[in-house]
Structure formats: structure tokens, C-alpha cells
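This report refers to the structure that appears directly beneath it.
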């Protein structure tokens, strides 16, 4: 039931995932069953019901709204699709949980029901950002707003595991996002976090600046969720800005219009690099399980990618690797 | 003596400014006089000495390096171009001070020598960012890393004065940079700052998100210098990233290469929007005087623009307006 276009986009994305996976996957669709079945009726499954394409519909009568206050909503709506779905994962009836619903609610319910990994004070979400080289994981991407140095350190550990496991980069480089390269540059929290990172066995390369991310200078960029959220949303707005400026340029004369028209294919391809949707959701790291949170506006494609990402996280046992890493680093 | 290409870029920029100003301006060039005169000899002034084109060279024997620790350097180098130059302004022998030197040193010396405006706890630098509509002032742009709510409030007051005075926007809208529009979203500091801004007479529109800046949703976006610095440097790196991705695209086939080639004029024009250099330095707000700090890599054009900006700030009496505003808001 999650996301701005639920259940339509979710059902469509799930069907696409099942089709592409060739029988490898089965999906439990959790939510108001009538609405889900209705969606199936229009979704072009050739009249097939959910069960016939690898789906099981699990009824959950309540819906946490995108604008609900997370904790209050979870308390008031015990039979929400979020709570029911995560419980299925906790009871090992599902290998992973995926949602495009209320981010805060998914986060709270995952943390509460699955439990935090030992040594993790704050579970975190990390976002993969395209760069000039390989993607960089920005962690925390918006969950933990006021952080202690220890939390930033945990983000670094979890981000490193994710990148090495899922991107296949061994011993990923970790940078601490700050306002200068020198060790003495930073705010109160990052200065202390620097010391923790420096004495750890992580591949810590020191401070990195805002300009280093897109250059691909590090595999993991660590920051608090306040900075991470603002940076990610700023990045998301760049394509719209460039488009507006290009339109202005096109309006400035016939030849310029022609130029922009000729160029637009390339531009669209490049802009796609900045479209985080393509990457399909962000993983919640630090809980005892696999939980992926999607954008409220997730397209069917994003939903599909989230499912494949969850599958891979299960296969690579990312959360078990984090458990081991937290033991090593404590 | 300030900047990575001093004194060459400074002298060239000054000469350009004098040429364009048509006798309106006179400039005191502060630094090691021999090196400055040597620069004049090669700078194509047709053999004219400094004095003949509206320049006075003021000797200052020492140079604060770009990598010097600001306060230690100012203490050790009493006869630096920064200290001598700002003293000239304080003694009313100059109407303003402009430098592309060590940012921290210019900041410290300006604050120390000119003094803070009454009611200003933390002088700040603000950066004008191009948007889809009119420029937005991001304040603080990197000076004050750990801020109290009151400091963010002061930034809002000073940013509003700057934008209304220099951009000519009356009653500029002020947004508090945060992680969600709702009043309850933010970190500990911004939540308190929100309350201060809300009850003030500023045109406060509430929280804005990272994605709202380039859309031009507000005239002044308030944040601490840690966030401001990271965001600005991230923005500066976008053109390089897009260029790299476009080159990749061009390499992917003849027609794509042709497309990029045809488009590049437009792209360059658009990228220029993201080139903060064009804007020529950032003003230091909250001191009793006019002090403008340039990028270390300032081009002659940036130096020239800094001089014109300083001239305009003097003409519009921005620092006196801030003095009045601080009285009104306290």
C-alpha cells in the first residue's frame, strides 16, 4: 500500500519483477486484499489471479499514510501493511521486506520488529550516488538527523560492508564528509568521528569535501542524515534546473533551439545518471534482516529494482556480514 | 598577495576594473611592492606605472599563505597584506577591502579589526546561487560550522538585508534549510531557529528542502556553515560531472559524438550558470565595514567582479543597513 501510486505501481512493478526473474522469486503482497486483487484484474496478467504468477496476497486492513507521524501511526494501526509485512520477515515467512511507503514508519517498524544488530546504536539508510567512476554510498541518507561521533563510525562500517558486498569493491575507501581535507577541519561531531575512523581498520582516507563525491573520490561518504538528506535532494533537483536553463537557452534563438533539439537524446541519457529512482530504493542497514525503503513516488521500474536489490542482499547475506563486522569493530 | 595566482590575477583584475570604471574608482594595492610593480611591468599598461592608472601600491612585507592556520598566521605576520589592507579600511583610507587570500585569515582579521556589528554574534559569508528564477543567497556559506539557533537567525537577518539591498528584492523570502517542509522536521538547532524566525518580522516561509534551492523557492536559504560549504562545493562539481558523462556518451558512437558537438555551445552557456566564479567573491556580513572574500583560484574576471561588488556594497551602505536591522530585530 506504500507510495504515492499504490497499489498500482507496486503491483505493476512486482509483476515485472516476477516476469524477469523467471520463476526464481515469489512475492507476498501485503495490503488491503480487495484493492490488490482489483489491481490484478486490470494489470494485464491475462486474467491470471495473483497466485498463478508467483504472488500471494496477505491481507492487512490498515494503511499508514505518507504524511502520518510514524510512531503514532504504527501504534494506532496495528494491522498496517508495514507492520504485517515486516512481521512476516521477522517470522522467516519472507526473506526480505520492501516498501515504498512512509519512510519513517518503515524505519521504525523495521528497527522495532527486526531489532538492531548488536553494536549498532542507529540503523541507517545509505543511498548510492552515481559518480564519474563507480557509485558512492552516501550514508546516512536522511534517517539520523542529530548524530554522535560513534554513529558516524557505525555508518562507515555498515556502508563499507554494503559496498564491498553489493558493488563488489573490496576494501572500499571511506571518506568523512567535511569542509576541508585537513584533519583539523570539521564540526564538533566530525572531528571526533575522524579520530574514531582513523584508528579503525577501515580503509579511511580522511575528510572529503562536497566536490569530491561526484568525482568518485571515495566509495563510502559518511555524514549525518541532515547533511545527507539535503545533499541528495539538492542533487535530485539538478536535472530540472538544467532543463529549465536549457529551455531558456533554446528560446534565445532558432539555432539554439535546434542545437538543444539535436542534443536532447544525449542530455536525457546523462540526466538519467542523476535519477536516483533508477537505483531502486535505499537499504536499511543495521537491523536483523533485509529491509528496503523506496521513494514515495516510486515507479514500477523502481519497485522492480527494489525487489531485485532485496534478493541480492539476501543472497549476499549483507545483514549477517554487518553483524560480524560490528563484532570486529567493537 | 591573495589567491593561488597572486599577484598576477589580482593586478590584471584590478587593471580591468579600473579600465571599465572609467576613472570612478581608485584602488590601493596592498602587498610586497616589488612583486606588484614587477607585475605592472608585464601587465600591458603601456609602460604606465601603477599611479598613472588609478592605483596606489601600499607595501606590506608579509604574506599569509593559503594553507596557514588563520589566527596563528595573523599573530606571527603583523605586516601581512591582509592585516595592512583591512587596517586601511578601518582607518577610512579605503572604503572597502577585497581579497582572494586565505578565507579564514580575512574573516578573522576583518572581525578583529573592523569589529562585529552590535547584536551580531557571528559574522557570516553568504553565497549567491543561480536558480530557475532569481539568485538565492545561501547563508552561511562555510564560515560558522557549529551554530546556535540565534546565529541562524542572525544569518537570516543579514541575508535578507543583502538580497533586498543588492538584488533589489524587497521583503525577500527566507527559508530555513531542513529535511522536510513541516515545522517538526529538522535537527535540534534548526527546530529552535524555526521558532525564532517564525516570531520575527522577517518574511519567513518556513523550512525548505535541498531540492527547493535551485527551483528558486526562496531568496535567502539559511543553514550552518557546515551544510552550506558542502552544498556549495557539491554544486560546483556538477558541471565537471556532467561533462564527464557527456564525454562518455559521445564516445558511445559517431552520431552521439555529433550530437554532443552540436550541443556544446548551449551546454557551456548553461554550465556557466553553475560557475560561482562569475559572481565574484562572497561578502562578509556582520562586521563594521565592507569586506569581500574571493575564491583562492579567482580569475582576473572574478577579481574585477569582486571590486565592483564592493563598490556597490559601499554605495548601498549594506553594513549600515545591517546595523539598523540588528537593532530592529533585538
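Residue numbers (this note's numbering), protein chains in the order written: chain A, 1 to 330; chain B, 331 to 660.
No residue lacks a Cβ here, since even glycine has one placed at the ideal position from N, Cα and C.
Quick caveat, the model's predicted, so the values are computed rather than measured.
| Query | Result |
| --- | --- |
| Chain-ordered residues of the region 503–529 of chain B with a beta carbon less than 9 Å from chain A | 507, 508, 509, 510, 512, 514, 515, 516, 517, 518, 519 and 520 |
| Min CB distance residue 40(A) to chain B below 9 Å | no |
| Segment limits, beta strand (DSSP E) that includes residue 124(A) | 124–129 |
| Inter-stretch contact at 8 Å, needing at least 3 Cβ pairs: the region 158–168 of chain A / the region 207–216 of chain A | no |
| Contact list for the region 121–152 of chain A against chain B, Cβ threshold 7 Å | 132, 142, 145 and 146 |
| Residue from 353(B), 335(B) and 645(B) whose Cα sits closest to the Cα of residue 365(B) | 335(B) |
| Residue 623(B) (DSSP reduced to helix, strand or coil) | strand |
| Cβ contact check for the region 144–151 of chain A and the region 219–233 of chain A: 3 or more pairs under 8 Å | yes |
| Distance between residue 533(B) and residue 547(B) (C-alpha atoms, nearest Å) | 13 Å |
| Of the residues 280(A), 330(A), 329(A) and 297(A), the one placed nearest residue 126(A), counting alpha carbons only | 280(A) |
| Unbroken beta strand (DSSP E) run spanning residue 30(A), endpoints | 27–31 |
| Sub-9 Å separation of residue 101(A) and residue 1(A) beta-carbons | yes |
| Rounded straight-line distance, which links the Cα of residue 558(B) to that of residue 206(A) | 20 Å |
| Where residue 541(B) falls: helix, strand or coil (DSSP) | helix |
| Close-in-space but distant-in-sequence residues of the same chain around residue 88(A) (CB under 8 Å, 5 per side omitted) | 28, 30, 58, 94 and 97 |
| Simplified DSSP assignment, three categories, for residue 551(B) | strand |
| CA-to-CA distance, residue 394(B) to residue 70(A), given in whole angstroms | 53 Å |
| Residue nearest to residue 325(A) in terms of C-alpha spacing, selected from 42(A), 11(A), 53(A) and 155(A) | 155(A) |
| Chain-ordered neighbours of residue 107(A) on chain B, where CB pairs are closer than 7 Å | Near residue 107(A) there are no residues of chain B at all, since even the closest Cβ is about 13 Å away, more than 7 Å. |
| Distance between residue 602(B) and residue 317(A) (C-alpha atoms, nearest Å) | 46 Å |
| Nearest-angstrom beta carbon gap, residue 461(B) and residue 545(B) [assumed within contact, 8 Å] | 7 Å |
| Pairwise C-alpha distance: residue 11(A) and residue 55(A) | 10 Å |
| Sequence-distant residues of the same chain with beta carbon closer than 7 Å to residue 473(B), five excluded per side | 437, 454, 455 and 555 |
| Given residue 612(B) as reference, the closest of 571(B), 466(B), 650(B) and 338(B) once Cα atoms are compared | 466(B) |
| CB contact below 9 Å: residue 55(A) versus chain B | no |
| Residue 107(A), enclosing alpha helix (DSSP H) - first and last residue | 103–114 |
| C-beta neighbour in chain A for residue 560(B), strict 9 Å | yes |
| Selection from 26(A), 20(A), 23(A) and 42(A) that minimises the alpha carbon distance to residue 9(A) | 42(A) |
| Residue 640(B) and residue 622(B) closer than 9 Å at C-beta | yes |
| Three-state class that DSSP yields for residue 394(B) in the structure shown | coil |
| Residue 524(B) beta carbon less than 9 Å from that of residue 508(B) | yes |
| Residue 200(A) versus residue 161(A) - alpha carbon distance | 14 Å |
| For residue 333(B) and residue 396(B), the rounded distance between their alpha carbons | 7 Å |
| Residues of its chain near residue 406(B), where Cβ-Cβ distance is below 8 Å and the 5 sequence neighbours each way are ignored | none |
| Span separating the alpha-carbon of residue 196(A) from that of residue 153(A) | 7 Å |
| Local conformation of residue 203(A) per DSSP, three classes | strand |
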